[in-house]
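*Asks:*
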Amino acid sequence: MPFSVSSSIISLLTTIQILSADQTGLEGQNSSSSIRACEEIYSILPDRTFRGKDAKKNLWSLFQSQVIPRCRVQPTSTPEISDIITVLRKENCKFAVLGGGTSPFLEASNVRDGVTVDLGRMNKVEFVQGDTPTLNVGGGAIWADVYRELDPRNLSAVGTRNSLTGVVGSILGGGISFFSHSRGWICDNVLEFEVVLANSSAIRASQTSNTDLFWALRGGGPNFGIVTSVTLEVFSRGLSSHIFQRWNMVDMQVAFQRLDRFSHQMPPGIQMIATNLGWSAARREFVLSDRIVALAADIPEISRLPSDENPTQQKVIRPIIEYAYRRTTLQMAEVMDVVNEFGFYNIFGSITVQGNPQVHMKTAEIFQEEASKIRGVKGIKVLLVYNPLTTATIKKMQ
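In full-length UniProt numbering, the protein residues as written are 1 to 398.
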């Protein structure tokens, strides 16, 4: 896609908030390879290998929590991961790698009748002061760990907009951030990977070493190896304005026209704008709203952003600011954790289309029609999010 063309990432999040009182999980069938692998791994790491129901772990989506692996092992170092890979390769045993565990898809980071390699104990975050400060992050860390380390220093990193997401998983998937407009995607801000390959060797990949692997790991998916740590760029960042504003539904076309214009040229000081369409059970109606992140000093200016390129020719239509706060990166992410709640049947997906208000109007029409069929389900939440992939963001992709 040419750099002059902006796109929108349209994400659909559905949360079915039905908790089961007896979630026993899906037992895998007997497999000689997984049994042998778990026995050998247990002999290496007896204190950190869990079998039977002890192998179960509660994850963000119940679709994943239902899966009980043959065993779950928690390494604490790169050499231990190399040993585990050696066993898995010898026994030809299927496995999954568990970092933050926020993927909703069955067996994405938890595997039935196999071995789950749980990196939860490899979550160390270390700030490195130097001419150019950096952050070393363990393969099992989540973004909350990163933000807690950086916020008190008035620094931040390009990370996810939810605090519970795994750092490595978001990098391997590309990763959209509060700061993507000014700094690119999450994967564009990695300086170095440490990764264990299929042959059990541990190597480093950067712009100067193993450059082909470095290129592949930044958004290319999880199948190139187990990433044990990453080194991230950091940047100065104080409090941000976190603004929520609501549109009248009759003004939907105006909202999408403004969103499309901002995709090409974001107003100065604004880091992110996302337009959300969802069913509000409390209001018993669909609600169209914007979520905006800006420099703290820009809170008063956001209400005066024009909604039409020639506002003098007609009445200026603007959204209503519901609330605006000055927040740290962690605080902004924790607000979104409330929307994407832990421990329910959560699913999400996304598509990328060329930015176009008419396309957005059509997807909104389809969403409302389909969501209306299920909005009566007790505890369900459905949300459609329009994320502009701005021209500036695309240019920062390396």
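Beta carbons are placed, not taken as given, at the ideal position from N, Cα and C, and that holds for glycine.
State whether the segment 138-148 contacts the segment 346-358, with contact taken as three or more CB pairs (one from each stretch) at a distance under 8 Å.
*Replies:* Judged by Cβ distances under 8 Å, the segment 138-148 makes no contact with the segment 346-358, as fewer than three pairs qualify.
*Asks:* List the whole-angstrom C-beta distance separating residue 237 from residue 155, where the pair is believed to meet the contact cut-off of C-beta under 8 Å.
*Replies:* Residue 237 sits at position 237 when you count from the first residue of the sequence shown. Residue 155 sits at position 155 when you count from the first residue of the sequence shown. The pair is a contact, with the Cβ atoms about 6 Å apart (cut-off 8 Å).
*Asks:* Can we say the segment 94-106 touches the segment 56-71, given the rule of at least three CB pairs closer than 8 Å?
*Replies:* Cβ pair count under 8 Å is three or more, so yes.
*Asks:* Hey, how far is the Cα of residue 219 from the Cα of residue 168?
*Replies:* Taking the sequence shown and counting its residues from 1, the one referred to as residue 219 is at position 219. Taking the sequence shown and counting its residues from 1, the one referred to as residue 168 is at position 168. So the alpha carbons of these two residues sit roughly 10 Å apart.
*Asks:* Starting from the C-beta of residue 57, find all residues in its chain whose C-beta is less than 6 Å away, skip the five residues before and the five after it, and write them out in chain order.
*Replies:* Taking the first residue of the sequence shown as 1, we reach residue 57 at position 57. Hits under 6 Å: none found.
*Asks:* Hey, does residue 141 have any beta-carbon neighbour from chain D nearer than 8 Å?
*Replies:* Looking for chain D here will not work: only one protein chain is present.
*Asks:* Is it buried or exposed, residue 263, if we count other Cβ atoms within 10 angstroms and call 16 or more buried?
*Replies:* Taking the first residue of the sequence shown as 1, we reach residue 263 at position 263. It is buried - the Cβ of residue 263 has at least 16 other Cβ atoms within 10 Å.
*Asks:* Take residue 245 as the anchor and find which of 232, 234 and 277 has the nearest alpha-carbon.
*Replies:* Here residue 245 refers to the residue found at position 245 when the sequence shown is read from its first residue. That would be 277, whose Cα lies nearest to the Cα of residue 245.
*Asks:* When you compare only the Cα positions, how much space is there between residue 96 and residue 71?
*Replies:* For this step, residue 96 is matched to residue 96 along the sequence shown. For this step, residue 71 is matched to residue 71 along the sequence shown. Cα to Cα, the separation comes out at about 11 Å.
*Asks:* Any chance you could list the alpha helix (DSSP H) runs of at least 4 consecutive residues sitting entirely within the segment 326-372, in chain order?
*Replies:* Runs found: 329-339 and 357-371.
*Asks:* Considering only DSSP beta bridges, list what residue 106 is partnered with.
*Replies:* As a working mapping, residue 106 is identified with position 106 in the sequence shown. DSSP output for residue 106 lists no bridge partner at all.
*Asks:* Per the contact definition of three or more C-beta pairs closer than 8 Å, is the segment 266-284 in contact with the segment 320-332?
*Replies:* At 8 Å Cβ cutoff, the stretches do not touch.
*Asks:* Within its chain, find whatever has a CB closer than 6 Å to the CB of residue 90; leave out the 5 residues flanking it on each side and keep chain order.
*Replies:* Numbered from its first residue, the sequence shown carries residue 90 at position 90. Cβ neighbours of residue 90 beyond the five flanking positions: none.
*Asks:* Distance, Cα to Cα, residue 378 vs residue 370?
*Replies:* Taking the first residue of the sequence shown as 1, we reach residue 378 at position 378. Taking the first residue of the sequence shown as 1, we reach residue 370 at position 370. If you take the alpha carbons of residue 378 and residue 370, they lie about 16 Å apart.
*Asks:* Report the three-state DSSP secondary structure of residue 252 (helix, strand or coil).
*Replies:* Numbered from its first residue, the sequence shown carries residue 252 at position 252. Residue state, collapsed to three classes: helix.
*Asks:* Tell me, which residues are paired with residue 56 by DSSP?
*Replies:* Position 56 of the sequence shown, counted from the start, is the residue given in the question as residue 56. According to DSSP, which records beta bridges pairwise, residue 56 is partnered with nothing at all.
*Asks:* The alpha helix (DSSP H) spanning residue 214 covers which residue range?
*Replies:* Here residue 214 refers to the residue found at position 214 when the sequence shown is read from its first residue. Per DSSP, residue 214 belongs to the alpha helix (DSSP H) from 211-217.
*Asks:* With distances taken from CA atoms, which of 256, 170, 159 and 196 is nearest residue 388?
*Replies:* The residue you call residue 388 lines up with position 388 of the sequence shown. When only C-alpha atoms are compared, the closest one is 256.
*Asks:* Would you mind sorting residue 81 into buried or exposed? The rule is 16 or more other CB atoms within 10 Å of its CB.
*Replies:* Residue numbering aside, residue 81 sits at position 81 when the sequence shown is read from its first letter. That one is buried.
*Asks:* Decide if residue 114 is buried, meaning its Cβ has at least 16 other Cβ atoms within 10 Å, or exposed.
*Replies:* If you number the sequence shown from 1, residue 114 lands on position 114. Counting Cβ neighbours within 10 Å, residue 114 comes out buried, since at least 16 surround it.
*Asks:* In whole angstroms, what separates the C-alpha of residue 221 from that of residue 215?
*Replies:* As a working note, residue 221 is residue 221 in the sequence shown. As a working note, residue 215 is residue 215 in the sequence shown. So the alpha carbons of these two residues sit roughly 11 Å apart.
*Asks:* Can you give the beta carbon distance from residue 150 to residue 345, rounded, assuming they're within the 8 Å contact cut?
*Replies:* For the purposes of this step, residue 150 is taken as the residue at position 150 of the sequence shown. For the purposes of this step, residue 345 is taken as the residue at position 345 of the sequence shown. The pair is not a contact, with the Cβ atoms about 33 Å apart (cut-off 8 Å).
*Asks:* From this set, 243, 284 and 254, which residue's C-alpha is nearest residue 290's C-alpha?
*Replies:* Here residue 290 corresponds to residue number 290 of the sequence shown, with the count starting at 1. Out of 243, 284 and 254, 243 has the C-alpha closest to the C-alpha of residue 290.
*Asks:* State yes or no: is the C-beta of residue 166 within less than 8 Å of the C-beta of residue 102?
*Replies:* Counting from 1 along the sequence shown, the entry for residue 166 is found at position 166. Counting from 1 along the sequence shown, the entry for residue 102 is found at position 102. It is a contact, given that the beta carbons lie within the stated cut-off.
*Asks:* Compute the Euclidean distance between the alpha carbons of residue 321 and residue 247, then round it to the nearest angstrom.
*Replies:* Translated into positions along the sequence shown, residue 321 becomes position 321. Translated into positions along the sequence shown, residue 247 becomes position 247. Residue 321 and residue 247: Cα-Cα distance of roughly 9 Å.
*Asks:* Pull up the distance between the alpha-carbon of residue 401 and that of residue 376, whole angstroms please.
*Replies:* There is no way to answer for residue 401, as the model of the chain reaches only from 1 to 398.
*Asks:* Could you tell me which of 266, 84, 47 and 52 sits nearest to residue 41, measuring between CA atoms?
*Replies:* For the purposes of this step, residue 41 is taken as the residue at position 41 of the sequence shown. Ranking the options by Cα distance to residue 41, first place goes to 84.
*Asks:* Going by C-alpha to C-alpha distance, which of 323, 200 and 186 sits closest to residue 217?
*Replies:* The sequence position of residue 217 within the sequence shown is 217, counting from 1. Measuring from the Cα of residue 217, the nearest candidate turns out to be 186.
*Asks:* Taking the CB atoms as reference points, tell me whether residue 253 and residue 181 lie closer together than 8 Å.
*Replies:* Along the sequence shown, one-based indexing puts residue 253 at 253. Along the sequence shown, one-based indexing puts residue 181 at 181. It is not a contact, given that the beta carbons lie outside the stated cut-off.
*Asks:* Please report how far the alpha carbon of residue 232 lies from the alpha carbon of residue 372, in whole angstroms.
*Replies:* Residue numbering aside, residue 232 sits at position 232 when the sequence shown is read from its first letter. Residue numbering aside, residue 372 sits at position 372 when the sequence shown is read from its first letter. Approximately 43 Å, taken between the alpha carbons.
*Asks:* Judging by CA-CA distance, which residue of 259, 77, 383 and 324 is the nearest neighbour of residue 359?
*Replies:* The sequence position of residue 359 within the sequence shown is 359, counting from 1. Residue 359 has its Cα closest to that of 259, out of 259, 77, 383 and 324.
*Asks:* Anyone know if the C-beta pair for residue 333 and residue 161 falls short of 8 Å?
*Replies:* On the sequence shown, position 333 is the one that residue 333 refers to. On the sequence shown, position 161 is the one that residue 161 refers to. Going by C-beta atoms, residue 333 is nearer than 8 Å to residue 161.
*Asks:* Check the DSSP bridge columns for residue 428 and list the partner residues they point to.
*Replies:* The shown model of the chain, from 1 to 398, leaves out residue 428, and the question about it has no answer.
*Asks:* Give the range of the beta strand (DSSP E) segment to which residue 385 is assigned.
*Replies:* Reading the sequence shown from its first residue, position 385 is the one you call residue 385. Taken as a continuous stretch (DSSP letters only), the beta strand (DSSP E) holding residue 385 covers 380-389.
*Asks:* Let me confirm a value: residue 311 is counted as buried when at least 16 other C-beta atoms fall within 10 Å, else exposed. Which label applies?
*Replies:* Start at 1 with the first residue of the sequence shown, and residue 311 comes out as number 311. With a pLDDT of 45 at residue 311, under the threshold of 50, the modelled position of this residue cannot be trusted; read the value that follows with caution. Exposed: under 16 other Cβ atoms inside 10 Å.
*Asks:* Using the Cα positions of residue 6 and residue 163, report the straight-line distance between them to the nearest angstrom.
*Replies:* Here residue 6 refers to the residue found at position 6 when the sequence shown is read from its first residue. Here residue 163 refers to the residue found at position 163 when the sequence shown is read from its first residue. Bear in mind that the predicted position of residue 6 carries a pLDDT of just 48, short of 50, making it unreliable; the figure below should be weighed with that in mind. Roughly 27 Å separates the two Cα atoms.
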